[in-house]
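Residue numbers (this note's numbering), protein chains in the order written: chain A, 1 to 330; chain B, 331 to 1010.
Just so it is clear, CB atoms sit at the ideal spot from N, CA and C, and this is done for glycine as well.
All figures in this text were calculated on a predicted structure; none of them were measured in a lab.
Note sheet for the following structure.
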């Protein structure tokens, strides 16, 4: 067991290093550099940069040095906990991400709780009452939820909100609280804006989870041990909750690896459409502007979190499923 | 990462949803011109006669409190002796209120820079052509064109109360411009004919710009959004280093001097978390990032631009008053809130979340914007620009990757034919709702640079028959089964490539329509929808055939020539090699063989030493050659597409009915936002 965990840990470290190299290369792949995109951006906003200013900027950022030197410099600092300055924001990268991090976490966790809170009971219900009217209704809604991309849903809901309810559009705060310092009223304002993005983010995941839960549980319900448990006279809900549901939970645990990065980045496209001040749009913007320290830090962060998440889900699977524990000895 | 690829689809869908709202099925385009949305150009009056100036002064209540508590000297002492007296468009306003706007993040610093437009020595008025005093009360060019003098306002103060004098110009010239670590190569506006000019202090309030050769053009450069004339806010924010003056009393501690070596500065900078002293200077001299920095504009930053909200407050030392002696600005401050995409910005503007917004507003959404006027409590103004083309197809004259393509790109009749094949009315109706002016890329008829009658239409009308005749006459007679003309070298179909960027106009979609019109005369053009910075990288590497962009700013040719003629290597769509040749005085790049192109560049170079009237004639001459040769095919222009759709809250007063929309008017700053106010 200890060797298993150690091996996993070493592998995780190597993976993290590989992620750092690959993310740096990917960020460097598009032609041009930050200065190019900076000039293009200014030109599109009707301003100009002289050639001399552009050269001075390249020198200042070290963009005229070979890529491996740039990587070495970056990695050397990252290992000391310094992620560098964001070129576009002119502030330390960690500060820029930190500004948006906790709002992102709030939205994402709300979305996850909503997803699980809706998906698990419905999934169990649909499996136990297979082919009932309610099962058909949930199935229909589930398929629609699966088929509609959530950014489209976001757009439609936003449009309807604007058109018929005069709701203010996008963002997490009303205009009057946008500028205000933190207060209970502002927290309340945030809470009242939260359900919509959380609901939209949750919906697609919900549909998927309902289907998975239903299918897994149906498999388990037909197993002989269920019949045995029933034959022993256990109460029906106990029969279902204690054994088959536990077995059917495996897929939930194995997706935890992807939950962690989601919690931190949120959904990029939905956040963008709804203008949510989360980390996702920040990443997109950094990639477009070729702000490599910021983009690199976020990609690295997401990669490392995926690795950690996968590691955690391995441990969790061990814990919920005795069969995996048993298989490890071999 | 996967979701990133879906993004364009997402935004496209957003536009579709918004445009599909139940407005009238066919937009009544022609009614638009008579709709009253387009007002009369108007602007503030600057009173220069001291006899008409107010003699007693008033200030905002917050400032009066600070004066009472001793935190601030009285208003009389804060204002300069040489006052700037502004008569607003409407009436005397009242103090109060925060002007709410939307912006797109730290890259959008121009959104605020423009509000600070009065922080330059000279600013043009609402006509876009007449220079008016701003920081400087007067200016003169010497008879020989070698000395330009600025007369500064006596007693004018920075936002921290320190005097603004000729020393601030000398500080910029010696300690910033003169330091090769900050500015590695001289800027063209200071080096006529490659000979470096100097900034010299005559006395505290008199600054001389001295040149070795006649440089009459400098006077005009000073009134534009140029490297020296542009002022502190725009030219020293966001890593830029020009501007002509800088707050020496504050910035001196951050640049090398006799008392502080580069090593000491570097050590200090590192201790503060910067890479080196230059990086720290870039931060310290940037008004959008550093609230401590003394400024001269009507506002100063309270919460920096790299936050979710960029917040500004009134500059307590602002040096202008209204005709009743009230110190400006009327607004307490400006608050910009960040949006993650432009669709949301447009929706918020329609919901009335912004008090006055013209930036990033999409002309294509005008029907919905009008529909929501009442609900959003705003009024819509359409402000027409002066530039001739919102979409100009620039043919790369130095393209060399494919000799056959290059042969046609450099063929005058080929370009004329393609211009005649464009149905500009169709483009105008579809993408500009019929409010723009079709024709050549020449500047607006109201400007002195307009080349004259007939030059709007020259080679720029819709005449497919003539286009076909021209194409046949130059030897493109062979066609394939689908009717496309064939290359003359290998008999395959002739395929041009148009590089189009989705920026402030939907250029890829516009180009698809143009390509469709060219198809009618047998020319195939493939539209390459290219990411913005990739497009710029490719044009700098001379890899594009045809590039579509606008020509905003070229209406005053000498102030912003880069989108009219190939003189600036950073953006020379018409021929990057020519631009290198021009900018390096022949050291790099390639000299044009085409006598017409050569003539254009020679005329442009000679203009720097010409006096105003002669220079205007030279510009007209350049425009005539450009239009006759069709190096750039103009489509439609003088439209409100860029910053010309203005949503103004009905709560605001003193708002001009039509703004000057131009680079050098610094829209909306040229309209003096410090005179706008909340009526309730």
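C-beta contact flag for residue i and residue j at 8 Å
i, j, result
"residue 841 of chain B", "residue 964 of chain B", "no"
"residue 782 of chain B", "residue 967 of chain B", "no"
"residue 828 of chain B", "residue 845 of chain B", "yes"
"residue 1014 of chain B", "residue 982 of chain B", "Any answer about residue 1014 of chain B is impossible in this case: the structure gives chain B only from 331 up to 1010."
"residue 496 of chain B", "residue 537 of chain B", "yes"
"residue 676 of chain B", "residue 692 of chain B", "yes"
"residue 339 of chain A", "residue 269 of chain A", "No answer is possible for residue 339 of chain A: it lies beyond the span of chain A, which begins at 1 and ends at 330."
"residue 949 of chain B", "residue 1007 of chain B", "no"
"residue 822 of chain B", "residue 815 of chain B", "no"
"residue 954 of chain B", "residue 785 of chain B", "yes"
"residue 836 of chain B", "residue 55 of chain A", "no"
Three-state class that DSSP yields for residue i in the structure shown
i, result
"residue 711 of chain B", "strand"
"residue 379 of chain B", "coil"
"residue 182 of chain A", "coil"
"residue 97 of chain A", "helix"
"residue 65 of chain A", "coil"
"residue 652 of chain B", "strand"
"residue 70 of chain A", "helix"
"residue 79 of chain A", "helix"
"residue 325 of chain A", "helix"
"residue 353 of chain B", "With a pLDDT of only 39 at residue 353 of chain B, under the threshold of 50, the placement of this residue in the model should not be trusted; the figure read from the coordinates follows. Residue state, collapsed to three classes: coil."
"residue 162 of chain A", "helix"
"residue 138 of chain A", "helix"
"residue 870 of chain B", "helix"
"residue 592 of chain B", "helix"
N- and C-terminal bounds of the alpha helix (DSSP H) containing residue i
i, result
"residue 13 of chain A", "2 to 28"
"residue 534 of chain B", "Premise fails: residue 534 of chain B is in no alpha helix (DSSP H) and is neither H nor E."
"residue 761 of chain B", "754 to 761"
"residue 553 of chain B", "Premise fails: residue 553 of chain B is in no alpha helix (DSSP H) and is neither H nor E."
"residue 665 of chain B", "Note, residue 665 of chain B: premise wrong, no alpha helix (DSSP H); beta strand (DSSP E) at 663 to 668."
"residue 643 of chain B", "That residue, residue 643 of chain B, is in no alpha helix (DSSP H); its beta strand (DSSP E) goes 639 to 644."
Close Cβ partners of residue i (< 6 Å) along its chain, the five nearest in sequence each way excluded
i, result
"residue 260 of chain A", "305 and 309"
"residue 411 of chain B", "484 and 485"
"residue 562 of chain B", "449 and 573"
heavy atom of the ligand PLP below 7 Å from residue i C-beta
i, result
"residue 696 of chain B", "Of the ligands one can find in the structure shown there are none, so the ligand PLP has no counterpart to examine."
Pick from the options that is closest to residue i, judged by C-alpha positions
i, options, result
"residue 533 of chain B", "B:482, B:577 and B:488", "B:482"
"residue 346 of chain A", "A:19, A:206, A:82 and A:25", "The requested residue 346 of chain A is not part of the displayed model; chain A covers only 1 to 330."
"residue 5 of chain A", "A:314, A:323 and A:324", "A:314"
"residue 739 of chain B", "B:826, B:760 and B:985", "B:826"
"residue 255 of chain A", "A:231, A:316 and A:290", "A:316"
"residue 380 of chain B", "B:597, B:553, B:394 and B:416", "B:416"
"residue 957 of chain B", "B:589, B:553, B:856 and B:772", "B:772"
"residue 218 of chain A", "A:191, A:240, A:201 and A:29", "A:240"
"residue 156 of chain A", "A:139, A:200, A:132 and A:188", "A:200"
"residue 388 of chain B", "B:810, B:659, B:953 and B:577", "B:659"
"residue 625 of chain B", "B:566, B:664, B:587 and B:609", "B:566"
"residue 202 of chain A", "A:290, A:69, A:145 and A:152", "A:145"
"residue 189 of chain A", "A:181, A:180 and A:174", "A:174"
"residue 876 of chain B", "B:890, B:891, B:884 and B:854", "B:854"
"residue 26 of chain A", "A:73, A:258 and A:295", "A:295"
"residue 33 of chain A", "A:57, A:12 and A:14", "A:57"
"residue 527 of chain B", "B:545, B:852 and B:867", "B:545"
Chain-order list of residues whose beta-carbon lies under 7 Å from that of residue i (same chain, five-residue window excluded)
i, result
"residue 198 of chain A", "107, 110, 111 and 114"
"residue 253 of chain A", "313, 316, 317 and 320"
"residue 736 of chain B", "729 and 730"
First and last residue of the uninterrupted beta strand (DSSP E) at residue i
i, result
"residue 859 of chain B", "854 to 859"
"residue 953 of chain B", "Taken as a continuous stretch (DSSP letters only), residue 953 of chain B belongs to no beta strand (DSSP E), being part of the alpha helix (DSSP H) at 942 to 959."
"residue 725 of chain B", "722 to 725"
"residue 497 of chain B", "It is not in any beta strand (DSSP E) - residue 497 of chain B instead sits in the alpha helix (DSSP H) that spans 496 to 501."
"residue 879 of chain B", "876 to 879"
"residue 467 of chain B", "466 to 471"
"residue 830 of chain B", "825 to 830"
"residue 384 of chain B", "Counting along the chain, residue 384 of chain B falls outside any beta strand (DSSP E), and DSSP gives it neither H nor E."
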